[in-house]
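Under my numbering, the very last position in the sequence shown is 139; numbers go up by exactly one each time.
Where a beta carbon is used, it is the ideal one built from N, C-alpha and C, also for glycine.
Read through the structure below, which is laid out as structure tokens, and then see the notes.
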Amino acid sequence: MRWMLAMQDPTDGGVYHKLTNLRFDGTVMPEAAREPRYVVQKGTAAALDFAAVMAQAARVYAPFEADFPGAPARMREAALRAWQWAQDNPAVAYRQPDDVHTGAYGDQGFDDEFAWAAAELFLLTGEGRYLRAFDRHAQ
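See the structure below:
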């Protein structure tokens, strides 16, 4: 969860699509990989998937607050900020930079991500606006 939280831009709540090398490392163990890595482009799908995961994690971690002080609140806030970024940027599809030759993992339609994030945020907050968003996107 800490690594995922690090993929969120602290200034605006957007979430980077991926952390990547310019090319795949090949057949080496992860600890032997030495190529520079880059975070690339914030996008709507990344923000919404992140919002869904963090909302769910906030619920899962809530009973264990004593063991993970502050974690549920941090995850909740991260989910809400990512959702807001996606509301402000509802159609930012990932475009692979020309110098990156790893998997693009692109997505051009975001209704499924909007529906999932809205469902998880509704379960977390009970706020009707998320249920309405779910209804709009789960067609």
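Cut-off 7 Å between Cβ atoms - residues of its own chain near Ala33, not counting five sequence neighbours on either side = Contacts found: Asp25.
Expected contact under 8 Å - CB spacing of Ala51 and Ala91 to nearest Å = At roughly 16 Å, the Cβ-Cβ gap does not stay under 8 Å, so Ala51 and Ala91 are not in contact.
Where Arg34 falls: helix, strand or coil (DSSP) = Residue state, collapsed to three classes: coil.
query = Can you tell me the Cα-Cα spacing of Gly106 and Val40, whole angstroms?
reply = Straight-line Cα distance between these residues: approximately 12 Å.
message = Taking the alpha-carbon of His17 as reference, which of Arg136, Met29, Tyr38 has the nearest alpha-carbon?
response = Of the listed residues, the one whose Cα sits closest to His17 is Tyr38.
query = Considering only residues of the stretch 14-82, which uninterrupted beta strand (DSSP E) runs meet the minimum length of 3 residues and lie entirely inside it, listed in chain order?
reply = Note on the stretch 14-82: whole beta strand (DSSP E) runs with a minimum of 3 residues are 16-20, 38-42, in chain order.
query = Based on Cα-Cα distance, which residue from Ala78, Arg23, Pro36, Ala119 lies nearest to Asp98?
reply = The residue with the shortest Cα to Cα distance from Asp98 is Arg23.
ask   = Three-state secondary structure (DSSP) at Gln139?
value = In this structure, DSSP gives Gln139 a state outside helix and strand, which the three-state scheme calls coil.
message = Can you list, in chain order, the residues of its chain with a C-beta nearer than 7 Å to that of Leu121? Leave out the 5 residues immediately preceding and following it.
response = Result list for Leu121: Ala51, Ala55, Ala79, Trp83, Tyr130, in chain order.
task = Closer than 6 Å by C-beta to Ala138: which residues in its own chain qualify, once you throw out the five before and the five after it? Chain order, please.
result = Only Ala115 meet the Cβ criterion.
query = So Pro145 and Ala58 are in contact, right, with Cβ under 8 Å, and what is the actual spacing, rounded?
reply = The question about residue 145 has no answer here: the residues shown for the chain are numbered 1 through 139.
query = Pro63 to His101, Cα distance in whole Å?
reply = The alpha-carbon atoms of Pro63 and His101 are separated by roughly 42 Å.
task = Locate the alpha helix (DSSP H) running through Glu113, then write down its first and last residues.
result = Unbroken alpha helix (DSSP H) run through Glu113: 111-125.
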